[in-house]
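Visitor: Numbering (my numbering), first residue to last: 66 to 455.
All residues carry an ideal CB built from backbone N, CA and C; glycine is no exception.
Since the structure is predicted, the reported quantities are computational estimates derived from the model, not experimental observations.
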């Protein structure tokens with residue numbers, strides 16, 4: 066069975082990576098309540114709600130995980146890499162963060178995650194005694210670079226994403242062979258998501274459930290011209306362009322893989338659009354390499370589409386970082402100067418969207434390597450391989 070949880074040693078290394086950055090920034094401690102940060106630092110995964118869950122990380126050692134009492138046993142069962150401190154309930158006769166304040170005492174300069182809401186900041190620092198509280202992206206930036214153990218989780222997610230793509234194509238082909246009605250977008254989405262989830266439970270030890278665990282967007286014909294359109298009851302038809310925009314998370318680490326298909330012999334128009342996006346994705350993949358600024362990779366990728374005379378149909382950037390979040394920084398976009406580094410994982414997903422006709426997008430999650438980048442997902446990208454004969 067494939068093990069989906071990081072070892073205590075790996076979690077210690079992640080915590081120390083953040084501590085090194087804290088010390089460089091002159092911070093004595095750090096507070097974060099972002100669910101992905103909590104999982105990253107302690108290995109504890111939970112369903113976020115109104116009850117605060119947060120991690121206090123000391124620059125010189127020690128991690129404290131604040132949870133509601135109803136989550137204590139869950140955190141212990143997951144072997145959270147931190148001292149667990151709990152509070153009774155929310156909003157509580159005793160404020161939740163008072164339990165954390167009682168444990169950590171006074172502190173000097175404390176950084177807090179930039180995504181923390183004003184309400185949560187107010188609740189925390191009304192109880193904590195600190196000399197100075199400063200917003201910081203330290204944990205977010207630390208998450209850019211993946212440990213080898215994290216890469217293994219992403220690679221397994223990529224394998225399952227490829228299985229989901231294969232399962233979607235197989236369902237369409239089976240319907241054609243049987244002379245049955247073609248599936249709807251919603252039926253395809255349900256089928257591929259089920260394949261991803263069932264594969265994990267059959268082959269993985271202690272599945273970590275996050276949202277979404279497996280699935281994605283499935284749309285056909287004119288519906289696919291909406292980049293993030295949701296699956297509907299539309300039934301696939303002869304001649305349709307359709308998109309399987311899929312992904313899953315293993316050990317909480319995401320991967321996405323997207324392919325655009327044509328149902329029947331492609332028209333000259335469909336071939337032109339698909340080939341342009343495929344070439345842009347190929348050029349974009351070569352542009353992803355250590356030392357290259359995200360914005361420069363984005364320009365190289367999307368210029369292929371502009372040079373093909375299709376720039377009016379661009380709706381989004383080349384891609385984004387991917388990790389414990391399906392979308393996270395850095396961003397492969399004109400406004401992000403972040404240099405790419407070996408160990409990052411980013412999506413490479415150029416697309417064009419033609420109102421009333423269809424959308425065309427091809428995406429792989431790319432691992433940045435010392436000398437370039439390689440896709441973790443492997444399903445074929447060319448139009449001949451993505452044509453389903455009738």
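Would you list the one or two residues that DSSP bridges to residue 413?
Guide: In DSSP, residue 413 forms a bridge with 429.
Visitor: Just to check my reading of the structure: residue 116 and residue 155 have Cβ atoms closer than 8 Å, yes? What is that Cβ distance to the nearest angstrom?
Guide: Contact flag correct, Cβ pair sits at about 4 Å.
Visitor: Report yes if the C-beta of residue 426 is less than 7 Å from at least one heavy atom of the ligand HEM; otherwise report no.
Guide: As presented, the structure is devoid of all ligands, the ligand HEM included, so that no description of it is given.
Visitor: Roughly how many angstroms lie between the CA atoms of residue 181 and residue 104, to the nearest whole one?
Guide: For residue 181 and residue 104, the distance between alpha carbons rounds to 16 Å.
Visitor: With distances taken Cα to Cα, identify the nearest neighbour of residue 244 among 69, 303 and 403.
Guide: Looking at the Cα atoms, 303 is the closest of the given residues.
Visitor: Tell me whether the beta-carbon of residue 201 lies closer than 8 Å to the beta-carbon of residue 179.
Guide: For residue 201 and residue 179, yes; Cβs fall inside 8 Å.
Visitor: Give me, in chain order, the residues of the same chain whose beta-carbon lies closer than 6 Å to that of residue 437; leave out the 5 immediate sequence neighbours on both sides.
Guide: 354.
Visitor: So, for residue 168: in the same chain, excluding its five sequence neighbours on each side, which residues have a beta-carbon less than 7 Å away from its beta-carbon?
Guide: The answer, listed in chain order, is 129 and 150.
Visitor: Can you give me the C-alpha to C-alpha distance between residue 76 and residue 306, rounded to a whole angstrom?
Guide: Cα-Cα distance, rounded: 44 Å.
Visitor: DSSP three-state label for residue 71, please.
Guide: Reduced to three states, the DSSP call for residue 71 is coil.
Visitor: Are the beta-carbon atoms of residue 400 and residue 360 separated by less than 8 Å?
Guide: Result yes, Cβ atoms of residue 400 and residue 360 sit closer than 8 Å.
Visitor: To the nearest angstrom, how far is it from the Cα of residue 427 to the Cα of residue 165?
Guide: Each residue's Cα considered, the two are about 46 Å apart.
Visitor: Within the same chain, show all residues whose beta-carbon is closer than 6 Å to that of residue 158, passing over the 5 residues directly before and after it, in chain order.
Guide: For residue 158, where only same-chain residues beyond five positions count, there are no Cβ hits under 6 Å.
Visitor: As a quick exercise: from 248, 273 and 445, pick the residue whose alpha carbon is nearest that of residue 299.
Guide: The option with the nearest alpha carbon to residue 299 is 248.
Visitor: Rounded to whole angstroms, what's the CA-CA distance from residue 311 to residue 279? Just pull it up for me.
Guide: Taking the straight line from one Cα to the other gives about 8 Å.
Visitor: Find the nearest neighbour of residue 119 within the set 70, 333, 368 and 188, judged by alpha-carbon distance.
Guide: When each option's Cα is compared against that of residue 119, the closest is 188.
Visitor: Does the Cβ-Cβ distance between residue 402 and residue 433 come in under 8 Å?
Guide: No, the pair does not count as a contact, with Cβ atoms beyond the cut-off.
Visitor: By Cβ distance below 6 Å, which residues in the same chain neighbour residue 270 in space, the five residues on each side in sequence not counted?
Guide: So the qualifying residues of the chain are 66 and 68.
Visitor: Could you check whether residue 419 and residue 315 sit closer than 8 Å to each other, using their CB atoms as the reference points?
Guide: Taking 8 Å as the Cβ cut-off, residue 315 and residue 419 do not qualify as a contacting pair.
Visitor: Are the stretch 338 to 357 and the stretch 94 to 104 in contact at 8 Å, needing three or more beta carbon pairs?
Guide: Output reads no: the stretch 94 to 104 does not touch the stretch 338 to 357.
Visitor: Per DSSP, residue 326 forms a beta bridge with which residues?
Guide: Paired residues: 307.
Visitor: Output the boundary residues of the alpha helix (DSSP H) element that contains residue 255.
Guide: Where residue 255 is concerned, the enclosing alpha helix (DSSP H) stretches over 250 to 268.
Visitor: For residue 415, does the count of other Cβ atoms within 10 angstroms reach 16, so buried, or fall short, so exposed?
Guide: The residue in question, residue 415, is buried, as its Cβ has 16 or more Cβ neighbours within 10 Å.
Visitor: Compute the distance between the beta-carbons of residue 404 and residue 337, then report whether it is under 8 Å.
Guide: No.
Visitor: Please say whether residue 430 and residue 321 have beta carbons closer to each other than 8 Å?
Guide: Going by C-beta atoms, residue 321 is nearer than 8 Å to residue 430.
Visitor: Given that a residue counts as buried once 16 or more other Cβ atoms are within 10 Å of its Cβ, and exposed if not, what is residue 455?
Guide: It counts as exposed.
Visitor: Which same chain residues, not among the five before or five after residue 140, have their C-beta less than 7 Å away from its C-beta?
Guide: Excluding sequence neighbours, residue 140 sits near 109, 130, 132 and 149.
Visitor: To which residues of the same chain is residue 387 closer than 6 Å at the C-beta, ignoring the five residues directly before and after it?
Guide: The answer, listed in chain order, is 319, 410, 412 and 430.
Visitor: Do residue 422 and residue 287 have their beta-carbon atoms positioned less than 8 Å apart in this structure?
Guide: Yes, Cβ-Cβ distance for residue 287 and residue 422 is below 8 Å.
Visitor: For residue 441 versus residue 232, is the C-beta distance shorter than 8 Å?
Guide: Cβ distance not < 8 Å, so residue 441 and residue 232 don't count as in contact.
Visitor: Out of 111, 301, 449 and 72, point me to the one whose CA is closest to residue 273's CA.
Guide: Out of 111, 301, 449 and 72, 111 has the C-alpha closest to the C-alpha of residue 273.
Visitor: Let me know if residue 121 comes out buried or exposed under the rule of 16 or more other beta-carbons within 10 Å of its beta-carbon.
Guide: The residue in question, residue 121, is buried, as its Cβ has 16 or more Cβ neighbours within 10 Å.
Visitor: Would you list the one or two residues that DSSP bridges to residue 339?
Guide: Note: residue 339 sits in no beta bridge, so no partner.
Visitor: Taking only the alpha-carbon atoms, compute the straight-line gap between residue 380 and residue 293 and give it to the nearest angstrom.
Guide: Approximately 11 Å, taken between the alpha carbons.
Visitor: Report all residues from its chain with a CB closer than 6 Å to the CB of residue 281; omit the five preceding and five following residues, and keep chain order.
Guide: Around residue 281: 310, 311 and 312.
Visitor: Terminal residues of the continuous beta strand (DSSP E) containing residue 148?
Guide: That run of the beta strand (DSSP E) goes 148 to 152.
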